[in-house]
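Structure, as structure tokens:
2 protein chains.
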Amino acid sequence: MRGFRKLTSVAEALQIAMKECSKVELAREIVRTEDALGRVLAEDVVAQHNVPPYDRAAVDGYAIRSEEAFSASQSNPAIFRIVGVAEAGAGRKRIGSGEAVEIYTGAALPDGADAVAMVEECEREGNELRVLRSVPKYGNVSRCGEDIKRGDAVLRKGHVLKAWDIGILLSIRMREVSVSPRLKVAVLSTGSELVEISDPRALDEDSLVDTTRPMIKALLSQSGCDLVDGGIINDDLEEIRDRLSSLAEEAEIVITIGGTSVGGKDLVPEVLDGVQDSRLIFHGIAAKPGKPMGFGVYRGKPLFMLPGYPVSALVGYESVVKPVIASLTGLPIRERQKVKARISRRVPTTPGVRHFLRVALERDGDGFLAKPIALTGSGLLSSLAKADGLVIVGEDREGLEEGEIVEVEILGD
Amino acid sequence: MRGFRKLTSVAEALQIAMKECSKVELAREIVRTEDALGRVLAEDVVAQHNVPPYDRAAVDGYAIRSEEAFSASQSNPAIFRIVGVAEAGAGRKRIGSGEAVEIYTGAALPDGADAVAMVEECEREGNELRVLRSVPKYGNVSRCGEDIKRGDAVLRKGHVLKAWDIGILLSIRMREVSVSPRLKVAVLSTGSELVEISDPRALDEDSLVDTTRPMIKALLSQSGCDLVDGGIINDDLEEIRDRLSSLAEEAEIVITIGGTSVGGKDLVPEVLDGVQDSRLIFHGIAAKPGKPMGFGVYRGKPLFMLPGYPVSALVGYESVVKPVIASLTGLPIRERQKVKARISRRVPTTPGVRHFLRVALERDGDGFLAKPIALTGSGLLSSLAKADGLVIVGEDREGLEEGEIVEVEILGD
Numbered sequence: 007m008r009g010f011r012k013l014t015s016v017a018e019a020l021q022i023a024m025k026e027c028s029k030v031e032l033a034r035e036i037v038r039t040e041d042a043l044g045r046v047l048a049e050d051v052v053a054q055h056n057v058p059p060y061d062r063a064a065v066d067g068y069a070i071r072s073e074e075a076f077s078a079s080q081s082n083p084a085i086f087r088i089v090g091v092a093e094a095g096a097g098r099k100r101i102g103s104g105e106a107v108e109i110y111t112g113a114a115l116p117d118g119a120d121a122v123a124m125v126e127e128c129e130r131e132g133n134e135l136r137v138l139r140s141v142p143k144y145g146n147v148s149r150c151g152e153d154i155k156r157g158d159a160v161l162r163k164g165h166v167l168k169a170w171d172i173g174i175l176l177s178i179r180m181r182e183v184s185v186s187p188r189l190k191v192a193v194l195s196t197g198s199e200l201v202e203i204s205d206p207r208a209l210d211e212d213s214l215v216d217t218t219r220p221m222i223k224a225l226l227s228q229s230g231c232d233l234v235d236g237g238i239i240n241d242d243l244e245e246i247r248d249r250l251s252s253l254a255e256e257a258e259i260v261i262t263i264g265g266t267s268v269g270g271k272d273l274v275p276e277v278l279d280g281v282q283d284s285r286l287i288f289h290g291i292a293a294k295p296g297k298p299m300g301f302g303v304y305r306g307k308p309l310f311m312l313p314g315y316p317v318s319a320l321v322g323y324e325s326v327v328k329p330v331i332a333s334l335t336g337l338p339i340r341e342r343q344k345v346k347a348r349i350s351r352r353v354p355t356t357p358g359v360r361h362f363l364r365v366a367l368e369r370d371g372d373g374f375l376a377k378p379i380a381l382t383g384s385g386l387l388s389s390l391a392k393a394d395g396l397v398i399v400g401e402d403r404e405g406l407e408e409g410e411i412v413e414v415e416i417l418g419d
Numbered sequence: 007m008r009g010f011r012k013l014t015s016v017a018e019a020l021q022i023a024m025k026e027c028s029k030v031e032l033a034r035e036i037v038r039t040e041d042a043l044g045r046v047l048a049e050d051v052v053a054q055h056n057v058p059p060y061d062r063a064a065v066d067g068y069a070i071r072s073e074e075a076f077s078a079s080q081s082n083p084a085i086f087r088i089v090g091v092a093e094a095g096a097g098r099k100r101i102g103s104g105e106a107v108e109i110y111t112g113a114a115l116p117d118g119a120d121a122v123a124m125v126e127e128c129e130r131e132g133n134e135l136r137v138l139r140s141v142p143k144y145g146n147v148s149r150c151g152e153d154i155k156r157g158d159a160v161l162r163k164g165h166v167l168k169a170w171d172i173g174i175l176l177s178i179r180m181r182e183v184s185v186s187p188r189l190k191v192a193v194l195s196t197g198s199e200l201v202e203i204s205d206p207r208a209l210d211e212d213s214l215v216d217t218t219r220p221m222i223k224a225l226l227s228q229s230g231c232d233l234v235d236g237g238i239i240n241d242d243l244e245e246i247r248d249r250l251s252s253l254a255e256e257a258e259i260v261i262t263i264g265g266t267s268v269g270g271k272d273l274v275p276e277v278l279d280g281v282q283d284s285r286l287i288f289h290g291i292a293a294k295p296g297k298p299m300g301f302g303v304y305r306g307k308p309l310f311m312l313p314g315y316p317v318s319a320l321v322g323y324e325s326v327v328k329p330v331i332a333s334l335t336g337l338p339i340r341e342r343q344k345v346k347a348r349i350s351r352r353v354p355t356t357p358g359v360r361h362f363l364r365v366a367l368e369r370d371g372d373g374f375l376a377k378p379i380a381l382t383g384s385g386l387l388s389s390l391a392k393a394d395g396l397v398i399v400g401e402d403r404e405g406l407e408e409g410e411i412v413e414v415e416i417l418g419d
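Chains A and B supply the protein sequences, listed in that same order. Position one of the first sequence corresponds to residue 7 (the working numbering), numbered consecutively onward. Position one of the second sequence corresponds to residue 7 (the working numbering), numbered consecutively onward.
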């Protein structure tokens, strides 16, 4: 039985993976604007059209020439002859001197008109209109290009498209938009003992269902990645190498799950030996849980080796894989909500190792009490169902004192 | 030209819609556990299996009978004969008196053994094992059911499934899970003047592209709804009624966009007149922008009538539709991050009306300055691209004073 030669700190592990993954190059992808929600703009968007595309009424009322109502007032109304109606989308009208057009919000201002008298400031009898108040040139008119001018830089490269951005892009008549492609990530479980939940053997009490890979797949889809599912592979060096080689061709990043510990059959770090363009960069991180994580390059592609135990795999994913993916995709990580709480008991930790403590929160006067969840192994997924939050204890600490105030990250998702 | 008879307050509008929509009944849906990320549990989950399913090694070492190493120490080691190796998934071994089995983390404890001596506390020579320290009964063993016991309530009805919950459900061998179905929401734009972005006419400067419906569709998909797209329909009472009738059959909730103002062609509230099981409940809310919003029932289905102008529609969606959907689906609304800021100038508002102010944020010493974005109409989508946040001015105010401290909701999505 072997041991980890050296543990890499979480911060250094992240830095190494970040640097290696910065070589990943993503092309561009053109998508329909209506399908672009949540995607990352691959280039600046410059408006090719004015919004509004023409002068239009900002209120309901009557389109007139403003100079002809210059001195209009209650006692001295300006008189016009109504020659038609302008409604949104109904085509442009025209007025001559002394004429007015009934107009509705959004309709194009008739040629010859330069203002809209509000309906509340007019009197009408048949086709005769009395305007009771003067209105300035372009009064109650939304000017052409007032919202967005042709040539305006509307949205910047790297912007993550929100629901209203889709409206904005359509308003400047963009049918398609250039976005960063989704990152393709391949996921593979290793372990001759594992079965898929869909396998009939999964109902035997003696079988071990693969739970970590489906969890990591769910996390990757939350991170906005496209998945290449490599399934489960036996603990066999050649089988693992074959599968990894085909996954490395298909995906930008490869993740293996399991086989990273230092037990008898833990082969994953070994598979890199002697393979072209492949090397192990670190194996073992100073995290508890999460220690048996590795990272390297396989046939030129970044390879994250996550431990098989779900909570350990989760720590590796959250601390290293997720920030790397966010940096590559440009999609922000949603920060967890944080609260301060008093820790309910003394918790010893190992200096030099980052500890991830699952806690239940209880109301405690005005504040919260954080109760560490008793744990006997990193396999214990139920600790996450029972936990309300996570306390991260830094490498500089030797433990938490009872009653100490800690920051708790709420486990929202 | 008509006016709104009465404006309903935002709070009352929400209350009315909430009450009416509480009649919507959602059935259950069975989905594959691996596809259940983000779904809402329709029933409590009770474990039918133990996790771990059997006693297993929590460390690498040697499985023994603890009583046979009762007084073991450096100077007085207990001696065993190694009779085999136990690895995860390799089937259960058996030991007799004086025997030990080499065992790896996760492997089933052999029959006859009740503890694991850690590899660090043993010496081995060929098949002879010297255990240098006593180990208690079940020492270094993860007991059957220690993580989850058969019969345990693991997750509760209404719980929104996170990535690790998928792992938990699979660990208790659940292939499928009963969840609330997605809410089916139909969306329809009205307006003879509107064209789809895919329509060749969309490139004419005089055409009006439908931007609000794609925005609302994006918002609905963010709210976890299934969409029924009703397209664009002309300003014709009978055409609108026909389309609404078929949408009301297909969907649980119907949303119309446009035609809610009080201009000449604003027909939507009228379509409910004289139709069976249909009534207008309110029309016009005390919001700026967002006033021309309506709500009613069409052939028994809740009908939200949003204004055509995108920013108005967005206010109606956020203030009324979104909370109703969250309440029906059980999916939480992600609260926007909030910051305090000083408002840069006086902003007059109308008492009794809730104002939604878009602001740009600037650093200002230790804090932020919120600069209201100059607006001339509720059509101005670009105000949202320029805005960093939203300030909501309550109905009890007559405006904001220059320099007043306000709460700004950051427009993250």
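Ideal Cβ placement from N, Cα and C applies to all residues, glycine included.
- Listed along chain B, the residues sitting closer than 8 Å to residue 179 of chain A by beta-carbon distance are 203, 208, 209 and 215.
- Taking residue 267 of chain A as reference, the option from B:367, B:358, B:64 and B:74 with the minimal CA-CA separation is B:64.
- Exposure of residue 33 of chain B is indicated by the presence of fewer than 16 other C-beta atoms within 10 angstroms of its C-beta.
- Under the three-pair Cβ rule at 8 Å, the segment 187–203 of chain A counts as touching the segment 245–262 of chain A.
- Taking C-beta atoms as the reference points, residue 113 of chain A and residue 70 of chain A fail to come closer than 7 Å.
- The C-beta distance from residue 352 of chain B to residue 396 of chain B rounds to 19 Å, too long to fall under 8 Å, and the pair is not in contact.
- Under the three-state reduction of DSSP output, residue 225 of chain A falls in the helix class.
- Between residue 416 of chain A and residue 369 of chain A the beta-carbon gap is near 14 Å, outside 8 Å, which marks them as no contact.
- Under the Cβ criterion of 7 Å, residue 116 of chain A is not counted among the residues facing chain B.
- Interface with chain A (7 Å Cβ-Cβ cutoff): residue 164 of chain B is excluded.
- Contact with chain B is absent for residue 41 of chain A, since none of that chain's Cβ atoms lies less than 7 Å from the residue's Cβ.
- Distance from residue 321 of chain B to residue 357 of chain B at the Cβ level is roughly 18 Å; contact not present, criterion being Cβ atoms closer than 8 Å.
- For residue 160 of chain A, the C-beta contacts it makes with chain B under 8 Å involve 388 and 391, in order along the chain.
- In the structure shown, residue 68 of chain B adopts extended strand secondary structure according to DSSP, grouped into three states.
- In the same chain as residue 374 of chain B, and ignoring 5 residues on each side of it, the C-beta atoms closer than 8 Å to its own belong to 345, 346, 347, 348, 367, 368 and 414, in chain order.
- For residue 299 of chain A, not one C-beta of chain B is nearer than 7 Å to its own C-beta.
- For residue 326 of chain B, no beta strand (DSSP E) segment is defined, and its DSSP state is neither H nor E.
- Using a CB distance below 8 Å, the part of the segment 57–68 of chain A facing chain B consists of 57, 58, 59, 60, 64 and 66, ordered along the chain.
- About 5 Å separates the beta carbons of residue 184 of chain B and residue 49 of chain B, which is inside the 8 Å limit, making them a contact pair.
- With a cutoff of 7 Å on beta-carbon distance, residue 224 of chain A and residue 43 of chain B are scored as near each other.
- Counting along the chain, residue 275 of chain A sits inside the alpha helix (DSSP H) bounded by residues 274–277.
- A direct Cα-to-Cα measurement between residue 30 of chain A and residue 12 of chain A gives close to 27 Å.
- With respect to the 7 Å criterion, residue 20 of chain A and residue 326 of chain A are classified as neighbours on the basis of their beta carbons.
- Residues of chain B with a Cβ closer than 8 Å to the Cβ of residue 55 of chain A are, in chain order, 211.
- By the CB criterion at 7 Å, residue 67 of chain A and residue 122 of chain A fall inside the cutoff.
- Proximity of chain A to residue 245 of chain B at the Cβ level (cut-off 9 Å) is not reached, the minimal Cβ distance being about 16 Å.
- Residue 318 of chain A counts as buried, since no fewer than 16 other beta carbons sit within 10 angstroms of its beta carbon.
- Taking a cut-off of 8 Å for Cβ pairs, the segment 78–90 of chain B and the segment 49–58 of chain B do not touch, as fewer than three such pairs fall below it.
- Chain A places a beta carbon closer than 7 Å to that of residue 172 of chain B, counting this residue as a contact.
- Between residue 305 of chain B and residue 252 of chain B, the CB-CB gap reaches or exceeds 7 Å.
- Secondary structure at residue 188 of chain A: coil, using DSSP grouped into helix, strand and coil.
- Scanning B:45, B:179 and B:141 for the CA closest to the CA of residue 156 of chain B turns up B:179.
- The segment 329–396 of chain B is shown to contain whole alpha helix (DSSP H) runs of 4 or more residues at 388–392, in chain order.
- Note on geometry: alpha-carbon atoms of residue 302 of chain A and residue 38 of chain B lie some 34 Å from one another.
- Take the alpha-carbon of residue 340 of chain B and the one of residue 158 of chain A: they are about 32 Å apart.
- Around the Cβ of residue 28 of chain A, a 10 Å sphere holds fewer than 16 other Cβ atoms; the residue is exposed.
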